[in-house]
Amino acid sequence: MSTASILDIQDLSVDIPTDSSTLHAVRGISLELNRGETLGIVGESGSGKSMTALALMNLLPPAARRQASCIDFDGSDLTHATERELASKIRGQRIGMIFQEPMTSLNPVYSIGRQLKETMTLHRKVSDSEAEKRAIYLLERVGLPDPASRLKQYPHELSGGQRQRVMIAMALMNEPELLIADEPTTALDVTIQAQILHLLRDLQREFGMSMILITHDLGVVSRAADNIAVMYAGDIVETGKTAEVLENPRHPYTKELLECVPGYRGKSQQRLGAIPGIVPAMTGEISGCAFASRCPRAADVCTTTNPPTKKLHEGRYFVCHEPETEQGEGTAERPVGSERIGKNHSRGAEAILAVEHVSCTFSVRRGLFGKRKPLQALDDVSLTLNKGEVLALVGESGCGKTTLTRTIMGLQAPSTGSVSLNGQRIGNLPPMERARMIQPIFQDPYSSLNPRKTIGEIIAKPLVVHGIGSSHEQHKRVRDMMELVGLPSRVFNSYPDQLSGGQRQRAAIGRALILNPEVVICDEPTSALDVSVQAQILNLLLDLRDELDLTYLFVTHNLSVVQHMADRVAVMYLGEIVECGERDQVMSSPKHPYTHALMDSALSISPGESVPDPGLSGDFPNPMNRPGGCPFHPRCPIAEQQCREEAPGPELIDNTLVQCWKAKTAGSQLKS
Amino acid sequence: MLNYILRRGLMALLVALTVSFGTFALFHFATDPAQTIAGEDAPQEMVDDIREQYGFDRPVSVQYGDWLGSALQGDFGQSYFWKQPVVELIKEHAKVTIVLALSALGVTILIALPLGISAALKPNSWVDRFALSTAVSAQAIPNFWLGLMLIILFSVTFPIFPVSGDATWKHYVLPALVLGASSVPAVMRLTRTGLLDVLSSDYIRTARAKGFVGYRLILQQAMRNALLPIVSVLAVQLGHKLGGSVVTESVFSMNGLGRLAVESIFNSDIPTVQSLILIFVLTFVLLTLAADLINAWLDPRIRMG
Amino acid sequence: MTARNTMNPSELTADESRIDSEEAGLGLSPTMAALKRARSHYGLKIGFGILLVMAVFALFAPWLAPHDPYLQNLPMRMLPPVWVEGGSWEYLLGTDHLGRDYLSRIIYGARISMTIGIGAATIGMIIGVTLGLIAGYFGGWLDQAVNFLVTCQLAVPSLLLIMALVFVIGQSITVVIFVIGATHWVFYLVVTRSATLRLRELDFVAAAQAMGCSKFQIAVKEVLPNLVNQIMVIFTLEVAVAILNEATLSFLGLGIPSPIPSWGLMIAEGKQAMFFQPWLVILPGISLFILVIAINLLGDGVRDVTVTNRRN
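Protein chains in written order, with the numbering used here: chain D, 17 to 688; chain Y, 12 to 316; chain Z, 4 to 315.
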């Protein structure tokens, strides 16, 4: 262990006994973290990255077993420390931790003040007022306005972003030397994510902390970490300086993973790299390299012997046999990225779907005797969807995306305005006829398929409901559809629980397409999936669009997916479309200050670049208390008197529809 | 908070009114009180006379209004069978039942909470298995039969406690044990799963990451959350113990409200039965209301929501 | 905008098994997986075994009972069981105060208990599941009305009400079944309602709506199949509750009328002679205990093997 390092882990393993066997969540990894630096641990679900974080302070679930030959934290060995020693000397004092779910990570029955202060009074002999002073100072530092009065508030009175700020303040109460952040921004909206990452970076410098940042997001890690470790199936497969690893990856998994990220190569609507197969079962021993079954370069040796750790220079390692089958650093000769999808794809100018001045107001009542309050979910929304195009609908949670898609599908009647499909008002269409024109694909493939039905039954269901064909014909159509969406025919009689997330999403796509709809509403179809699976699904959706001549309304919050998929983009804020136009125009020269902030918050993979500060004040407002005037004005950096008093109407500037009083000048004003 | 109390109070009142009207109507249509008062073999004219005299021929809602009006003034009517005001009957019998129910609640708490808590702290240990098998067995033992077995064991084979009656504290030991045991499975299971849920929650992980461990983790971080469901279930169980006293008091021949109820039913003494049901419902409603208020005090989400 | 592509430690095992099953080609279907778990669940196997034996006795009582359970034989009254001094092989479990064979009465008693348990639990299920589905799926004022009904039902001292009702309507097996069933539907309702509320928000329901299915079709064909396991568990537990309730009623003299051999009634009759011939009380009580514990073991077992995301 060099003197510069604060943490040195050797051979850390975590095993979790299950009913039938033992799950090896982490398989003998070694890590080193230098003082004052940030180490990013990246990996997809099940790679063991969170288990690694929990194992350091032994916060694992009770059943889990931890083994390590050494966990050296600043000279003291944590491997053999007892629960009590860890609690009294290390946890919360020298190592602070932030968790993924801000909504559930704070105790709901105690005030923020109590939870902050007790972290300090538990470990140090300080008076209550001293602890309070520190709490107020830190709340101010993490950017919560009016910190003194916050102390009396309870977690449920704060938004997700605010709670995560409180979590950060709490972790910093005792000025820890090391901060472990386990997916600190995953549950948050993109603009909030950028704010929180920015804050963490600042605080780290200010307090001279070291940090371990655990994330699945390559964009986040590329900007926030000095070093990264890539985890796959419980192993670290590659580690080194962030820029070196991301710009010149040596392990096939790292390379493949980067190819899966939309926008990594900069060009849109091209075939993404997709790693075939799935992560191997982590129960039992893996012989050879865990990635061998999915690796394009795998040779015989990869499946028989454990791959060696190769050192390029100090701190830059990767674990691979590097078989002779394919040499060369680049991936240029592979079809990835070379083939433009949709060569023959034609965008018509005829509107297939028209949303005209749709508003939706719910009245929300709390409890039996509570007062009814109006909630305006949609405010005068107009959109057109042209045949053959992909229109991306972008916005943060609570902006009304779901209400809009439900209204478009005719599952909910608008308060005013109308939706028409091929010139017919959707409210007047019988449900059966409507269903044959427009179909949805949902976000969560674990809830979109009925767990009690087989895949065959699920895909055939629309045919059965509509009484199309004999059962023999239905059967054949389902088989054909399964082939089209890339499902092996053996899963016909399987239940959803037996399928992986990606396969389930393929089944959901098959169900949506079996009625031959013209329009498909894709509601965050990949945001519950891992990057490598997301790539497969995005490729499939673009292929199907061309083959079946489909039109997509693509709802998403992931801007690199928008960049990859969309022809046009519509940006929503608090129930309004604030900007709508051609993708390149909206994304590279946004006119609305909100679009501007949103684009700024998008974290593409660019090592060395810092996390941008989107420059928005405050959090996303509660839709129940809509601000008057322009609804964005309380957060807008360039708002003026007019914005506070009067709501702007839509205005066409350079072929882009914008709702902003200052749209014409906003671009130049915000750039400075 | 005041808003919350008012809403809960109003709800409780509504429930009490609905239930008492429901039972009143049920008895109104299922029985003929005039016939009961007159006797089985009374001539038809006499029955009709009584019907008119007592006002049994009026619509059920009018009769209910009358009955409720006097009940609110403390007049629950006259018992057909004991030929005395129902209020006095209830006053005479209430003390036994209250003492019995409260001591039974004590028995439940003393057995169920320690078992449930230790089971949750060490899931899958021998304590946990013992607690779960206790719950499964206790759930399967018929309450009245347990009473009889205890009498055979502790009053006959080993004469420690008296067989029946309600004169001394000794008379209450076995009945309280029997009545208390009936709530042990429910309370124990709920304590166990409630505490397990809390202990596996994200905020307890946060507390551990802050350095909380051992008794501090349990008492200062987990207990308040785990108490919420326990408070509710204890209120419900105490309410049920009043109803459950019907069986226990019969087995041990104690002169409480439960036994009064059984005898009133046997003697078709509808005013007494009705008043007792109203009393039980009111008590239950008040107990759950109290539990709601305690929980609102414990949990800011309830208090402010 | 939440992305859920991260590993949550508590979900890890479930997630991994999914991956595991895919790699192996195909995992087990839910039913097969439950059956596999059932094979290694001791409580379930024991409960099921006991119930099977008791059910056979109940079903074939006329052929398996050694005597007529109603036949009085006064000279042979109050015989002790065979293992006690004075017992006879003719009457294995002795005779009661009227000289009726106790074993035969206990065998017939199982019939009564099971009939009433299953009958009452079925009635409760029909009421509770229907109301729960309506409240959970349609929501709004219907939900509030049903909720209010539940609060009222919970506030009623149900045993007292059942006793009074049975007394005024008349004592018979049918009346006991209906009255117990009509007062034990809350558990079904609460579980059905909350499960329906949860399921209603899932995307497969939205997908069915988008297909053009009616609300009724969705409630019955999409939501209900997902409730079957939970309803089954509650059904077994409610059978046990109904059996205990009937025994209590009959013990108090307000349930099954004499001379029908109900275990509760037998205990009540035996109580007179309890201090001298305790087996008259002990035997039917033990029968009740074994039957109820077997049902509860079965119910708990079914819950353990069908509800996959249970905590431990």
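The beta-carbon is built from N, C-alpha and C at its ideal position, and this holds for glycine as well.
Residue contact with chain Y for residue 299 (chain Z): present (Cβ-Cβ distance below 7 Å to some residue of chain Y).
Residue D:675 holds the alpha-carbon nearest to the alpha-carbon of residue 648 (chain D) among D:669, D:626, D:675, D:629.
Across the structure, residue 677 (chain D) and residue 228 (chain Y) are spaced so that their CA atoms are roughly 54 Å apart. Residue range 38 to 50 is occupied by the beta strand (DSSP E) that includes residue 48 (chain D).
A direct Cα-Cα distance of roughly 7 Å separates residue 288 (chain D) from residue 278 (chain D).
Chain D places a beta carbon closer than 7 Å to that of residue 210 (chain Z), counting this residue as a contact.
Residue contact check for residue 147 (chain Y) against chain Z: a CB pair falls below 7 Å. Within the stretch 58 to 86 of chain D, the runs of beta strand (DSSP E) that reach at least 3 residues and sit entirely inside it are, in chain order, 81 to 83. At least one CB of chain D lies nearer than 7 Å to the CB of residue 217 (chain Y).
By DSSP's assignment, residue 568 (chain D) forms a beta bridge with D:406, D:536. At the C-beta level, residue 310 (chain Y) and residue 125 (chain D) come within 7 Å of one another.
DSSP places residue 657 (chain D) inside the alpha helix (DSSP H), whose first and last residues are 657 to 661. Using a Cβ-Cβ cut-off of 7 Å, residue 276 (chain Y) counts as an interface residue toward chain Z, since at least one Cβ of chain Z sits closer than that to its own. Judged by beta-carbon spacing, residue 212 (chain D) lies within the 7 Å limit of residue 180 (chain D), meaning their Cβ atoms are closer than that value.
According to the DSSP secondary-structure assignment, residue 187 (chain Z) is paired through a beta bridge with no residue. Taking the beta carbon of residue 109 (chain D) as reference, the chain Y residues within 7 Å of it are 222, listed in sequence order. Assigned with DSSP and collapsed to three states, residue 336 (chain D) falls in coil, not helix or strand.
Counting only the Cα atoms, residue 187 (chain Y) lies some 14 Å from residue 160 (chain Y).
Assigned with DSSP and collapsed to three states, residue 612 (chain D) falls in helix. Nearest CB-CB separation between residue 113 (chain D) and chain Y: below the 7 Å threshold. Here residue 155 (chain Y) is buried, its C-beta having at least 16 other C-beta atoms within 10 Å. The Cβ atoms of residue 222 (chain Y) and residue 108 (chain D) sit closer than 7 Å to each other. Taking the C-beta atoms as reference points, residue 102 (chain Z) is found no nearer than 7 Å to residue 83 (chain Z).
Judged by DSSP in its simplified three-state form, residue 378 (chain D) adopts strand. By the Cβ rule, the stretch 191 to 201 of chain Y counts as touching the stretch 119 to 137 of chain Y, because three or more pairs are nearer than 8 Å.
For residue 119 (chain D), there is no enclosing beta strand (DSSP E), since its DSSP letter is neither H nor E. Residues are counted here when their Cβ sits less than 8 Å from a Cβ of chain Z; for the stretch 151 to 181 of chain Y these are 151, 152, 153, 154, 155, 156, 159, 160, 162, 163, 167, given in chain order.
By the rule that beta-carbons nearer than 7 Å mark a contact, residue 259 (chain Y) does not touch chain Z. When the beta-carbon positions are compared, residue 391 (chain D) and residue 640 (chain D) come within less than 7 Å of each other. By the C-beta density criterion, residue 489 (chain D) is exposed, having fewer than 16 other C-beta atoms within 10 angstroms. Contact between the stretch 572 to 592 of chain D and the stretch 615 to 630 of chain D is established, with three or more Cβ pairs separated by less than 8 Å.
Put simply, the CB of residue 58 (chain Z) is far from chain D, with every gap to its CB atoms at 7 Å or more. With fewer than three CB-CB distances shorter than 8 Å, the stretch 78 to 93 of chain D does not count as touching the stretch 154 to 169 of chain D. Each of Z:85, Z:86, Z:110, Z:73 was checked against the Cα of residue 63 (chain Z), and the nearest Cα belongs to Z:110. Within chain Z, the C-beta atoms nearer than 8 Å to that of residue 41 (chain Y) come from 168, 171, 172, in chain order. Excluding five sequence positions before and after residue 247 (chain Y), the CB atoms of its chain that fall closer than 7 Å to its own CB belong to 299, given in chain order.
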